[in-house]
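**Q**
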Amino acid sequence: MLDAVIRLRAIGANIDLDIPVIVVLGSQSAGKSSLIEAISGITLPRASGTCTRCPTECQLYYSSEPWRCVVSLRLVTDEDGTVLGQPRRVEFGDPIFDKHLVTERIRRAQSAILNPATPPTTFLNESTDDLEERQLSFSSNSVCLEIRGRDIDDLSFVDLPGLIPGGDPRDSKLVQQLAESYICKESCIILLTIACETDYENQGAHRLAAQYDPHGSRTIGVLTKPDRIPTGEEGSWIRMIQGQHDIDGEETGIEYFSVKNPDSQDIKHGISYEQARQKEAEFYSTKEPWSQLDWPYQQRLGTKKLTGRLSEALPNLISKRQVFLEGEVNKQLDRTNNEISRLPSPPSSEPVGEMLRLIGLFVRSIERLVEGTPDDDGLIQALREPRVDFKKAICQTAPDFRPIPRPGVFFSKPTIIPPPTFLLDEEIKWQEETKNSKKAVYIEDVMLSANSAVTRELPNNIPFVVKKRFIGDFVSGWDAPSKKLFHTTVKELNKRIKAQIEGYFAQYTHGHLKSRVSNVMHAHIQRCANATEQRINFLLEEEQEPFTMNEHHFMEHRSEFLGYYRGIRQKDEGSFVEHLQSKDANTKSIVNKVISGLAELGLHSMESSSLARLLPPDPMETAIEIMSEVQAYFQVSYRRFVDNVPMTIDRSLLRGLKVGLESALFTGMDISGPGGYERCKLLLSEPEHIVMRRAELQNKRDRLGRAKEELLHAFE
9 MLDAVIRLRA
19 IGANIDLDIP
29 VIVVLGSQSA
39 GKSSLIEAIS
49 GITLPRASGT
59 CTRCPTECQL
69 YYSSEPWRCV
79 VSLRLVTDED
89 GTVLGQPRRV
99 EFGDPIFDKH
109 LVTERIRRAQ
119 SAILNPATPP
129 TTFLNESTDD
139 LEERQLSFSS
149 NSVCLEIRGR
159 DIDDLSFVDL
169 PGLIPGGDPR
179 DSKLVQQLAE
189 SYICKESCII
199 LLTIACETDY
209 ENQGAHRLAA
219 QYDPHGSRTI
229 GVLTKPDRIP
239 TGEEGSWIRM
249 IQGQHDIDGE
259 ETGIEYFSVK
269 NPDSQDIKHG
279 ISYEQARQKE
289 AEFYSTKEPW
299 SQLDWPYQQR
309 LGTKKLTGRL
319 SEALPNLISK
329 RQVFLEGEVN
339 KQLDRTNNEI
349 SRLPSPPSSE
359 PVGEMLRLIG
369 LFVRSIERLV
379 EGTPDDDGLI
389 QALREPRVDF
399 KKAICQTAPD
409 FRPIPRPGVF
419 FSKPTIIPPP
429 TFLLDEEIKW
439 QEETKNSKKA
449 VYIEDVMLSA
459 NSAVTRELPN
469 NIPFVVKKRF
479 IGDFVSGWDA
489 PSKKLFHTTV
499 KELNKRIKAQ
509 IEGYFAQYTH
519 GHLKSRVSNV
529 MHAHIQRCAN
539 ATEQRINFLL
549 EEEQEPFTMN
559 EHHFMEHRSE
569 FLGYYRGIRQ
579 KDEGSFVEHL
589 QSKDANTKSI
599 VNKVISGLAE
609 LGLHSMESSS
619 LARLLPPDPM
629 ETAIEIMSEV
639 QAYFQVSYRR
649 FVDNVPMTID
659 RSLLRGLKVG
669 LESALFTGMD
679 ISGPGGYERC
689 KLLLSEPEHI
699 VMRRAELQNK
709 RDRLGRAKEE
719 LLHAFE
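Mapping of the sequence shown onto this note's numbering: residues 9 to 724, in sequence order.
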């Protein structure tokens, strides 16, 4: 299990997962270095100031083979402090078989860590003076010690730089942040180092530990330098060993141990590891009050007891975390894969081929768009309502002829004119919506226009210009609806094209492919729009000159409007026609007498309806004919025009967009010919933050994948 955890840390799984680890936490000069030496059996570098300036990972293994130490560097950041996707392990020199050589190798390894701009191997042979120089005060990169021997217990832990009370604020903050990055995790066992020679409250390590482990459930305390407690003041420290409370009298869940390591004189005289352990055992067995502690608390005194406890705690924690780690790996793998899938696809290694593929797909999508798709939100479906509005607006330009005198001239009460029932219901409805007496053209207005236009014509001949003038009046109202339909179509088309560009080229903003395609499409649409507008203007100009070959429908509508207007005139003239159509017996008798009398005069085969011809001619008949012919021409031309304009827009603008589109894109983006490969590569390039994010996620996926494999095999 210990090997599995070490391998997980080696591949960087601790970046993503809460990997069990023991971390040595303490203030500067709390005896951490001596504690590490006591546990590992090696001597750490001794110098003025803070000795440990980067994490030191100690991996201890029991082995029947001769003692050996391998020193390496585990780099998690580069020389600029940027986190690496995958930690790098750098071997730092050959294996060491002499314990006395380890101290200098560690010193040089730490110098390599603190000078990341210099190749690490340089420091293996640097002069002693050069080792004092450093680019960094502290680093999160680690010196790793893999130690194997017969007198070693299986254990793994990380020694952190000591907390610096009252030092450089920047250094103090760096060291605290480094410590917090470890102890904030639930799988971190905090080995809290407290020096008995220093006031407990002045050692901030216990407050930092309590901040992240308030109940002390994952903290193991170590009281160092017990020989420096003033005589008579041992009681408070002893109570901590007994687990009664901390030095302030507060209840604590921390399990405290105590170790006594060699003092400076012993170190100066070169005390061996075995001698140090022997002197430690003598101290606790002979020095009161330590020697008077009950047997259970005697098991918390000495390095061997502490090492044994740590050797139990770490595997127990690993075992408890096994199922959680497996589940967390799978969960994070799924989340990472989802994040990767949401990123844009990476640029192709064949940029020209990829560009051809993208443009081809885009052009086909535009072709489908303008041809029409069977969707509720398709382009053609979106233009249906504007086209109906256009038809309605043109229909509402029909002349409002009224075959009656203008109210207020001959009659004070306006006459209600029924709509022409031979028109379509929607046309009647649309025209009724816009009827306005102020814009109506009454019969005397038409007659006045006719009489005013006569020059050298023979009697009863009305110049064609009169009808042409009325036709020009309604045709002039067709410009605005036509332009509105045109601009609405252009706007909707641009919106749809923009969405298509977004769908195909949204990820290609960095190399400006998206903006380049947008510019080319804008220019292409503008060319089609200009051509379409010219054709619409041509249609409007053509309608200024009345013309139709549709004589049948023209004459049919003329006849319908003549009957319609004459009927209104007759109804307005009096009751003679009504009498002729009456079913009253007395009236019918009179009508029959008239018909009989006419028969005696030689007018045979007369009917009651024929008697209306005996009325004198309508003096306004000329106006009636003008009105009827203008209305008939409106019906013919209006129906023609409401088809021609949408067809022109569809043919010239929508379907016309397909013509030359692919060629326009290739030409506009200049991707063919010399330099085409490089231009395609540049256009398809992606933003640096996307590149970095993808690399980060792929590295994370690789780490998690390797962690999953390790977990599968570690606990089989």
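Backbone N, C-alpha and C define an ideal beta-carbon position, used for all residues, glycine too.
Keep in mind it's a predicted model, so treat the numbers as computed, not measured.
1) Hey, could you find the ends of the beta strand (DSSP E) Phe165 is sitting in?
2) Pair every Cβ in the region 509-527 with every Cβ in the region 395-412, then say whether three or more of these pairs are closer than 8 angstroms.
3) From the DSSP output, in three-state form, read off Tyr516 for me.
4) Counting Cβ pairs, one atom from each stretch, are 3 or more of them under 8 angstroms apart for the region 530-549 and the region 653-671?
5) Whole angstroms is fine: what's the gap from His721's alpha carbon to Arg714's?
6) Can you tell me whether Cys403 is helix, strand or coil according to DSSP?
7) Return helix, strand or coil for Thr58, following the three-state DSSP convention.
8) What do you get for Lys399, buried or exposed, if any count of 16 or more other CB atoms within 10 angstroms of its CB means buried?
9) Answer with yes or no whether the minimum CB distance from Cys204 to chain C is below 9 angstroms.
10) Is the beta carbon of Leu200 closer than 9 angstroms to that of His223?
11) From which residue to which residue does the alpha helix (DSSP H) around Pro304 run?
12) Name the DSSP bridge partner or partners of Val32?
13) At which residue ranges does the region 298-375 contain complete alpha helix (DSSP H) runs of 4 or more residues, listed in the order of the chain?
14) From what residue to what residue does the beta strand (DSSP E) around Val78 run?
15) Starting from Val454, trace the alpha helix (DSSP H) in both directions and tell me its first and last residue.
16) Tell me whether Thr429 sits in a helix, a strand or coil according to DSSP, three-state version.
17) Counting along the chain, where does the beta strand (DSSP E) carrying Phe265 start and finish?
18) Here's the rule: buried if 16 or more other CB atoms are within 10 angstroms of the residue's CB, otherwise exposed. What is Lys708?
19) In chain order, what residues of the same chain have a beta carbon less than 6 angstroms from the beta carbon of Val91, not counting five sequence neighbours either side?
20) If you run the structure through DSSP and keep just helix, strand and coil, what is Ser150?
21) Can you tell me whether DSSP reads Pro415 as helix, strand or coil?
22) Beta-carbon separation of Leu521 and Leu691 under 9 angstroms?
23) Arg158 by DSSP, collapsed to three states: which one?
24) So, with DSSP's three-state summary, where would you put Gln763?
25) Under DSSP, the beta strand (DSSP E) around Arg96 begins and ends at which residues?
26) So, for Leu377: in the same chain, excluding its five sequence neighbours on each side, which residues have a beta-carbon less than 7 angstroms away from its beta-carbon?
27) What does the alpha-carbon distance come out to for the pair Ser420 and Lys446?
28) Please confirm whether Cys66 and Phe165 have their CB atoms less than 9 angstroms apart.
29) Let me check one thing: in DSSP terms, what residues is Phe409 bridge-paired to?
30) On a CA-only basis, which of Pro489, Ile155 and Leu139 is nearest Glu112? Give me that one, please.
31) Which residue from Gly511, Thr64, Leu712 and Gln143 puts its Cα closest to that of Pro352?
32) Of the residues Ser693, Arg701, Pro128 and Arg17, which one's Cα is nearest the Cα of Pro359?
33) Of the residues Ala187, Glu362, Leu431 and Ser35, which one's Cα is nearest the Cα of Glu205?
34) Smallest Cα separation from Ala537: which of Thr129, Leu432, Asn502 and Pro270?
35) Under the rule that 16 or more other beta-carbon atoms within 10 Å means buried, what is Ile598, buried or exposed?
**A** Quick look at the numbers:
1) Taking the sequence shown and counting its residues from 1, one reaches residue 165 at position 157. Segment Leu163 to Asp167, the beta strand (DSSP E) holding Phe165.
2) no
3) Within the sequence shown, numbered from 1, the residue matching residue 516 stands at position 508. Coil.
4) yes
5) Here residue 721 refers to the residue found at position 713 when the sequence shown is read from its first residue. Here residue 714 refers to the residue found at position 706 when the sequence shown is read from its first residue. Computed Cα separation, rounded: 11 angstroms.
6) Locating residue 403 in the sequence shown gives position 395, where the first residue counts as 1. Cys403 falls in the helix class under three-state DSSP.
7) Here residue 58 is taken as the residue at index 50 of the sequence shown, counted from 1. Confidence at Thr58 is low in this model, with a pLDDT of 43, below 50, so its placement is unreliable and no value can be given for it.
8) Numbered from 1 along the sequence shown, position 391 holds the residue referred to as residue 399. Flag for Lys399 reads buried.
9) The chain inventory of the structure shown lacks chain C, comprising one protein chain alone.
10) Locating residue 223 in the sequence shown gives position 215, where the first residue counts as 1. Locating residue 200 in the sequence shown gives position 192, where the first residue counts as 1. No.
11) Within the sequence shown, numbered from 1, the residue matching residue 304 stands at position 296. Per DSSP, Pro304 belongs to the alpha helix (DSSP H) from Trp303 to Gln306.
12) By one-based count along the sequence shown, residue 32 stands at place 24. Asp167 and Leu199.
13) 303-306 and 311-350
14) Residue 78 sits at position 70 when you count from the first residue of the sequence shown. Val78 -> beta strand (DSSP E) spans Arg76 to Thr85.
15) The residue you call residue 454 lines up with position 446 of the sequence shown. Its alpha helix (DSSP H) spans residues Ile451 to Ala461.
16) For this step, residue 429 is matched to residue 421 along the sequence shown. The answer is coil: DSSP assigns Thr429 none of H, G, I, E or B.
17) Here the question's residue 265 lines up with position 257 in the sequence shown. Taken as a continuous stretch (DSSP letters only), the beta strand (DSSP E) holding Phe265 covers Glu263 to Ser266.
18) Sequence index remark: in the sequence shown, residue 708 carries index 700 (1-based). Classification of Lys708: buried, given that the 10 Å Cβ count is 16 or more.
19) Residue mapping note: residue 91 aligns to position 83 of the sequence shown, counting from 1. Once the five neighbours on either side are set aside, the close Cβ partners of Val91 are Thr85.
20) Looking up residue 150 in the sequence shown gives position 142. Here Ser150 sits in strand by DSSP.
21) For the purposes of this step, residue 415 is taken as the residue at position 407 of the sequence shown. DSSP places Pro415 in strand when its eight states are reduced to three.
22) Counting from one through the sequence shown, the residue named residue 521 turns up at place 513. Counting from one through the sequence shown, the residue named residue 691 turns up at place 683. Yes, they are a contact pair.
23) By one-based count along the sequence shown, residue 158 stands at place 150. Three-state DSSP puts Arg158 in coil, outside helix and strand.
24) Outside the displayed span of the chain (9 to 724) sits residue 763, for which this structure offers no information.
25) Position 88 of the sequence shown, counting from 1, holds the residue named residue 96. First-last of the beta strand (DSSP E) with Arg96: Val91 to Glu99.
26) Your numbering for residue 377 matches position 369 in the sequence shown. Cβ within range, chain order: Leu387, Arg504 and Gln508.
27) The residue given as residue 420 occupies position 412 in the sequence shown. The residue given as residue 446 occupies position 438 in the sequence shown. Confidence at Ser420 is low in this model, with a pLDDT of 48, below 50, so its placement is unreliable and no value can be given for it.
28) As a first step, residue 66 is located in the sequence shown; it is residue number 58 there, counting from the start. As a first step, residue 165 is located in the sequence shown; it is residue number 157 there, counting from the start. Their beta carbons are under 9 angstroms apart, which means Cys66 touches Phe165 by this criterion.
29) For the purposes of this step, residue 409 is taken as residue 401 along the sequence shown, with counting starting at 1. Phe409 pairs with Val449.
30) One-based indexing of the sequence shown puts residue 112 at position 104. When each option's Cα is compared against that of Glu112, the closest is Leu139.
31) On the sequence shown, residue 352 is found 344 positions in, with the first residue counted as 1. Checked all of Gly511, Thr64, Leu712 and Gln143; the closest Cα to Pro352 is Gly511.
32) Translated into the one-based positions of the sequence shown, residue 359 becomes position 351. Of Ser693, Arg701, Pro128 and Arg17, the residue nearest in Cα terms is Ser693.
33) Reading the sequence shown from its first residue, position 197 is the one you call residue 205. Per the Cα distances, Ser35.
34) On the sequence shown, position 529 is the one that residue 537 refers to. The residue with the shortest Cα to Cα distance from Ala537 is Asn502.
35) Translated into positions along the sequence shown, residue 598 becomes position 590. So Ile598 counts as exposed.
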